[in-house]
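Engineer: The structure under discussion is supplied below as structure tokens; questions concerning it will follow.
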Amino acid sequence: MNHTEQLTYREAMREAIREAMQQDPSVFLMGEDVGHYGGCYAVSKGLLQEFGESRIVDTPLSESGFVGAGIGAAMGGMRPIVEVMTVNFSLLALDQIVNNAATLRHMSGGQLGVPLVIRMATGSGKQLAAQHSHSLENWYAHVPGIKVLAPATIADARYMLAMALVDPDPVLIFEHVMLYNRKEAVPKADDCPAMDQAVVRQQGSDITLVSYGGSLFKTLAAAEALTEQKISAEVIDLRSLRPLDTQTLFSSVNKTHRLLVVDEGWRTGSLAGEICALVAEHCFWALDAPPQRVCSQEVPIPYPKHLEIAATPQVEHIVTTAKQIVYR
Amino acid sequence: MNHTEQLTYREAMREAIREAMQQDPSVFLMGEDVGHYGGCYAVSKGLLQEFGESRIVDTPLSESGFVGAGIGAAMGGMRPIVEVMTVNFSLLALDQIVNNAATLRHMSGGQLGVPLVIRMATGSGKQLAAQHSHSLENWYAHVPGIKVLAPATIADARYMLAMALVDPDPVLIFEHVMLYNRKEAVPKADDCPAMDQAVVRQQGSDITLVSYGGSLFKTLAAAEALTEQKISAEVIDLRSLRPLDTQTLFSSVNKTHRLLVVDEGWRTGSLAGEICALVAEHCFWALDAPPQRVCSQEVPIPYPKHLEIAATPQVEHIVTTAKQIVYR
Amino acid sequence: MTAANTKPHINKTHLHFLLKQMVRIRRFEEKCAELYMQEKIRGFLHLYIGEEAVAVGVMKVLQEDDAVVATYREHGHALAKGLSMDEVMAEMFGKVTGSSRGRGGSMHIFDASKRFYGGNAIVAGALPMAVGLALADKMQNRNRVTVCFFGEGAAAEGEFHESLNLAKLWSLPVLFVCENNLYAMGTALSISESEQHIFKKAQSYGLAAVEVDGMNVVDVEAAAQKCCTAIRQGEGPHLIECHTYRFRGHSMFDTQLYRSPEEVSTWQQKGPILQLKQWLEHNGKLDEVEWQQIEVEVQQEIEQAVAFAEQSEFEPASELCRDVYLESA
Amino acid sequence: MTAANTKPHINKTHLHFLLKQMVRIRRFEEKCAELYMQEKIRGFLHLYIGEEAVAVGVMKVLQEDDAVVATYREHGHALAKGLSMDEVMAEMFGKVTGSSRGRGGSMHIFDASKRFYGGNAIVAGALPMAVGLALADKMQNRNRVTVCFFGEGAAAEGEFHESLNLAKLWSLPVLFVCENNLYAMGTALSISESEQHIFKKAQSYGLAAVEVDGMNVVDVEAAAQKCCTAIRQGEGPHLIECHTYRFRGHSMFDTQLYRSPEEVSTWQQKGPILQLKQWLEHNGKLDEVEWQQIEVEVQQEIEQAVAFAEQSEFEPASELCRDVYLESA
Ligand SMILES: Cc1ncc(C[n+]2csc(CCOP(=O)(O)OP(=O)(O)O)c2C)c(N)n1
Ligand SMILES: Cc1ncc(C[n+]2csc(CCOP(=O)(O)OP(=O)(O)O)c2C)c(N)n1
Ligand SMILES: [Mg+2]
Ligand SMILES: [Mg+2]
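In structure tokens, the structure reads:
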């Protein structure tokens, strides 16, 4: 692959899987419709033909069963990539993730490890309504024993998987459904920061905007709009939701003295709340205004476009809230 | 029942169930071992003998199945109280709670309602180790469409269930395992505040300590220790984790100018974080010190007593942290 | 099962009714596919085309107060259960006049007054709900049936297992109807179930179960009739496995890499509408005029529904947060 | 199953070994109950007393590198799989010398070197893990068996269903062993399963399954032998339902309101140790001296284990957070 070529997020993810499978025979992909269907979001399209049924494994509809099987296979020396089609269905596998994957190393006194990668699509934007539009990354970020990534850029889609596979512990990767069609040039692998580092996507001095995943580009767009209004916003892409790179976060807030967090999760108990709390705890004296957040409305996401838009963070909310913070 | 008699939390809960069943034939109790065994924590002991198998229903081990059946039964005109033995096992029923119970009213355009009460034990302290010591109230408090209660006092154990059963929407009740043996005199029902109100359990002026459920009494003990050290702490018992009574919270912080939240959940993404974020957003200018929290260490809870103690909030952490906040 | 002793009394009116119901569903969904292309309908759209005999056959034997619980592929069930096509179409458009105020769309059609409980988009997630509805009936001594439709793919989920056990254990009035269309999205039954006869699974719960040609509406009706009668007589839950096939992709996004056009067309030959129509014609019970009349009536109903949907309003965004709880209404 | 063609070759040494293993487990647990009263052991303690024949019979046919996945009632399995009694006892005490550094206690005994994968306290939660361990073996062309023990109560959980399907679908080398002791906590099998023969449920997955007298260690061994041989020959997963009974309460908190003392004592007459001991005595294969020798040796092993546990240190609280991730070690 030529590193300057343009790839979609989907293709970048596929390249990442393909590369991992080529390099390590113990890597395999397992999940609902990853094979014959080509992946619910077409990420794994063509991989069945390339690697065969023994390594691209279509599973029955049984999320708890195959996620648990992934845990066992990881303990047995394999390097499974388990695709749980979307975060909405991952609720059925939560017991396996929280009670098994996250606990086994500690609970066994360090004897066991679960080097498992679980990928899932997340977020709203495709008018899929209440049961198919969750953003529950915050729940997973709450659990010690697992790591949680949210690649937003094409580069991260391309390179974070490899880092997750090297990691000896369970890593969850959240892929926002609205990102799959984004296209960008892919930089060299060496230019990709470690998976647990937040990245300043835009430098600024008046306010820190923190985001991740699907909300990142809305936040960047808002930052651009703010620039036009002479507000210099620094944009941080968290990338890793657990662990959190608080250093990058705190340095930025200590510089800008203002914070706005953008997160598609419901407001109460959102990851955005955690970021605000951390900053309030650690950068209190540096803050010139209350830390704020733009989140989803506290409502099951409805089907019609205008209501879906009304329910979730949009560029104008970010801009308006940022202005309020800066001008207060 | 004589209202001045002393009851344990367990007995108060049992009285509440008994009363509800006597008053309304559509109320029934369903869950694992609620009948013949007498309830995992003996809450329902004797109720099978009193009400019979048709109303005290032992279920097979199938959390998703019987919680979902509770949802259907509630839609069908019954008033089920579903006991999910502990929050640890509720992970297996999360899909039913989040994707069905919480969404049906909104998603159906207001046609359907799920007047269901789900009770579960929560928390650590009994040396039950990693898979049996979760405090995941924050997860549930994140979800629009459900309400979440955490009765801490005997009075609340005695009266909140009735309020939950009157509510037309799904209500989850968390009972901390370390509370079941506490004993107290039971006041009159009329003295019990509405289920969505936070209560100031101790008045104070120097710092607001916020807590709920199992941590409340540690917080009250800490407040007492602080009084001896001439620090006047106000203690708020949240009681309702969703919705949050922010008015009581904000008034207190606006008076004391300092906040410490005590929560047995893991720190990152805890409900304590949400409270800190809310206060930082809404009471920023009133705060004289960074809002802080005492939470559990980010580790699966271990079995040995000394490690379980080290992992979870204790009175001395609360006292030390409160002093740091007040004296900084 | 022989025709003689189990098939319902078949007369022309009866068969014409079944035919027309299937045609209503077929044409409605063809229109939906068109409207999807025009971006009037969005989100996931799962067409039932090819499987109409199942919903129509089962619904024929239900009484008004029997309950139906279905999946995200539920337009057919909604129409067959008696929901107005106007409201169903408006729901697809996301309009406030839709059966769920437009908030659910294609996957979440509800009508409490018709006892139509969705429209459920988590595979197998509605089976426990059906058990609960039936439990409420039993506890309140109401002699009603709750019918729960689901795909063969759902049978692999733990909730299938838990629900069948509960239903039988408590002897509840539920009819489980498995729509075995051979695929769960792109995953063939042969690679998802070690035992591919879903009705045989019912045996592990002691449940009475049968399989039936799901392309033959009369067979489906007969089986449903038998089961519902037994259920109403207190014989507890039953299961029917209907062998059927979806002629279209899983949803509008499906490129159907997992099956051949030949396979699809073989099944199309056995299509439920085609089959019944040919049988009626062959037996002199349907002439061209009658057929055209059905088509025309259905066409009119659909045009009316589209017009209704088009003319309806969207729910104002200011009402976004109502109905999260009852109080907020 | 007749004794003639399936029972393993039985000689005195072999039977004495089985007897001693069962006595080790029995006496170990009796000691644990005592230590619980003394508050040396805390948390939940689930005794296996009465069910020893299952773990001992199955483990006898395993090879060293076969894997075992068990429940929270796993002391017997741990000892039979070859974990040192010292480490198991230290684990019960929560000491750092315990098999899981004391962090797991009674419910979470692990030994990676012995391929003993717990010690899992979520009912049915370890079945998928067993499937995965076997999947890894199959993918890496290793001819090993993974044995997964669980109670009859676990069979109602969705994970039982999903795991059996996956195991058979992928033809994995797993032996599922259902310890049917008739109760899940206080819930009798008769009120929790509509089909009470667990082994019959295996048919819905096309799995080979048998039932066996779980109080007869030789029968258990024979069944396990047969199944493991088939599994090693590539015949895929098998299930054994062992009819057994726990003589003690579910855990130390159980007041046993749900069963009568008479029922318990009836089963105690069929106790696995009693049964084998009497048979051996009756057939002149065990005399009082030999029996006493077993008891004395076991007694010594237990005393040594208790001393080891008593003398061991607790893990310092400063190490609380190590092993959450590998890096933090
Ligand atoms: C729990 C869950 N997992 C995955 C999905 C995604 N999904 C939607 S429909 C479907 C296939 C279901 O197949 P089947 O039950 O046979 O019904 P059919 O669509 O064939 O009617 C899948 C995998 C989902 N909605 N819910
Ligand atoms: C998912 C889950 N639900 C409930 C419990 C509480 N619980 C622990 S053991 C048990 C009974 C299990 O019975 P069975 O599977 O027959 O095993 P046994 O204890 O009889 O060996 C229950 C209900 C649990 N640990 N996990
Ligand atoms: Mg299907
Ligand atoms: Mg049992």
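Chains as they are written, first to last, in the working numbering: chain A, 74 to 401; chain B, 74 to 401; chain C, 303 to 631; chain D, 303 to 631. Cβ coordinates follow ideal geometry from the N, Cα and C atoms, glycine included.
1. Please list the partners that phenylalanine 162 of chain B has in chain D, where partner means a Cβ-to-Cβ separation under 9 Å.
2. Would you kindly report the start and end of the unbroken beta strand (DSSP E) that includes glycine 104 of chain B?
3. Taking the CB atoms as reference points, tell me whether leucine 238 of chain A and leucine 222 of chain A lie closer together than 8 Å.
4. Going by the CB atoms, is the gap between arginine 548 of chain C and glutamine 352 of chain C shorter than 8 Å?
5. Under 8 Å between C-beta atoms, does aspartate 388 of chain D make it to chain A?
6. Can you check whether the C-beta of arginine 403 of chain D is within less than 8 Å of a C-beta belonging to chain A?
7. May I have the straight-line CA-CA distance separating alanine 609 of chain C from glutamine 602 of chain C, to the nearest angstrom?
8. Just to confirm my understanding: we take glutamine 200 of chain B, look at its own chain, exclude 5 residues before and 5 after, and list those with CB closer than 8 Å. What are they?
9. Going by alpha carbons, who is nearest to arginine 231 of chain A out of A/Phe124, A/Thr81 and A/Met158?
10. Consider the C-beta atom of tyrosine 485 of chain C and the heavy atoms of ligand 3; say whether any pair is separated by less than 7 Å.
11. What I want to know is whether the C-beta of glutamate 454 of chain D ends up closer than 7 Å to one or more non-hydrogen atoms of ligand 4.
12. Using only the heavy atoms of ligand 2, determine whether one of them is closer than 7 Å to the beta carbon of methionine 158 of chain B.
13. Here's the rule I'm using: 16 or more other beta-carbon atoms within 10 Å means buried, otherwise exposed. How should proline 363 of chain B be labelled?
14. Please work out which residues of its chain come closer than 6 Å, Cβ to Cβ, to leucine 349 of chain C, disregarding the five sequence neighbours upstream and downstream, and give them in chain order.
15. Tell me the DSSP bridge mates of lysine 256 of chain B?
16. Which value, in whole angstroms, describes the spacing of the CA atoms of proline 260 of chain B and serine 284 of chain B?
17. I'd like the span of the beta strand (DSSP E) that includes tryptophan 472 of chain C, first residue to last.
18. Helix, strand or coil for threonine 385 of chain A per DSSP?
19. By how many angstroms is the C-alpha of lysine 416 of chain D removed from the C-alpha of serine 614 of chain D?
20. Confirm, please, whether the CB-CB distance from leucine 320 of chain D to valine 512 of chain D is below 8 Å.
21. The alpha helix (DSSP H) that contains threonine 546 of chain C, what's its start and end?
22. When burial is assigned at 16 or more other CB atoms within 10 Å of the CB, is lysine 383 of chain D buried or exposed?
23. Can you pull the chain C residues whose beta carbon is under 9 Å from the beta carbon of proline 133 of chain B, in chain order?
24. Using a C-beta to C-beta distance shorter than 7 Å, which residues of chain C count as neighbours of lysine 503 of chain D?
25. Tell me whether arginine 444 of chain D is buried or exposed, calling it buried when 16 or more other Cβ atoms sit within 10 Å of its Cβ.
26. Within 8 Å (strictly less), CB to CB, does cysteine 623 of chain C reach chain A?
27. Residue ranges of each alpha helix (DSSP H) run of no fewer than 4 residues wholly in the stretch 432-505 of chain D, ordered along the chain?
28. Taking 7 Å as the cut-off, is the C-beta of threonine 531 of chain D nearer than that to any heavy atom in ligand 2?
29. Going by beta carbon distance, what residues of the same chain come within less than 7 Å of aspartate 279 of chain A, once the five residues before and after it are set aside?
30. To the nearest angstrom, how far is the alpha carbon of asparagine 173 of chain B from that of alanine 392 of chain C?
31. Shorter than 7 Å, the distance from the beta carbon of histidine 348 of chain C to the closest heavy atom of ligand 1, or not?
32. Say yes only if the C-beta of serine 402 of chain C is nearer than 7 Å to one or more non-hydrogen atoms of ligand 6, and no if none qualify.
33. In the DSSP assignment, what are the bridge partners of isoleucine 154 of chain A?
34. My output table needs one value for glutamate 354 of chain B: the three-state DSSP class, helix, strand or coil.
35. Are serine 197 of chain A and threonine 385 of chain A close, meaning C-beta to C-beta below 8 Å?
36. Please specify which runs of the alpha helix (DSSP H), each continuous and at least 4 residues long, are wholly inside the stretch 557-582 of chain C, giving them in chain order.
Structural biologist: To lay it out plainly:
1. Ile424 and Val425
2. That run of the beta strand (DSSP E) goes 100-104.
3. no
4. For the record, residue 352 of chain C in the displayed sequence is glycine; it is not glutamine. Yes. Within cutoff.
5. Aspartate 388 of chain D does not count as touching chain A.
6. yes
7. So the alpha carbons of these two residues sit roughly 10 Å apart.
8. Tyr376, Pro377, Lys378 and Glu381
9. A/Thr81
10. yes
11. yes
12. yes
13. A residue is called buried once 16 or more other Cβ atoms fall within 10 Å of its Cβ, and proline 363 of chain B is buried on that count.
14. Glu331 and Arg550
15. B/Thr81
16. 22 Å
17. Neither: tryptophan 472 of chain C is in no beta strand (DSSP E) and is coded neither H nor E.
18. The answer is coil: DSSP assigns threonine 385 of chain A none of H, G, I, E or B.
19. Rounded to whole angstroms, serine 614 of chain D to lysine 416 of chain D spans 22 Å at the Cα level.
20. Their beta carbons are not under 8 Å apart, which means valine 512 of chain D does not touch leucine 320 of chain D by this criterion.
21. Note, threonine 546 of chain C: premise wrong, no alpha helix (DSSP H); not H, not E.
22. buried
23. Glu464, Asn467, Leu468 and Leu471
24. Those within 7 Å of lysine 503 of chain D in chain C are Ser506.
25. exposed
26. At least one C-beta of chain A is nearer than 8 Å to the C-beta of cysteine 623 of chain C.
27. 460-471 and 500-503
28. no
29. Ile304, Ser305, Ala306, Thr329, Arg331 and Val399
30. 23 Å
31. yes
32. Absence of ligand 6 is noted for the structure shown, with ligand 1, ligand 2, ligand 3 and ligand 4 being the only ligands found.
33. A/Leu102 and A/Val190
34. helix
35. yes
36. Runs found: 563-571.
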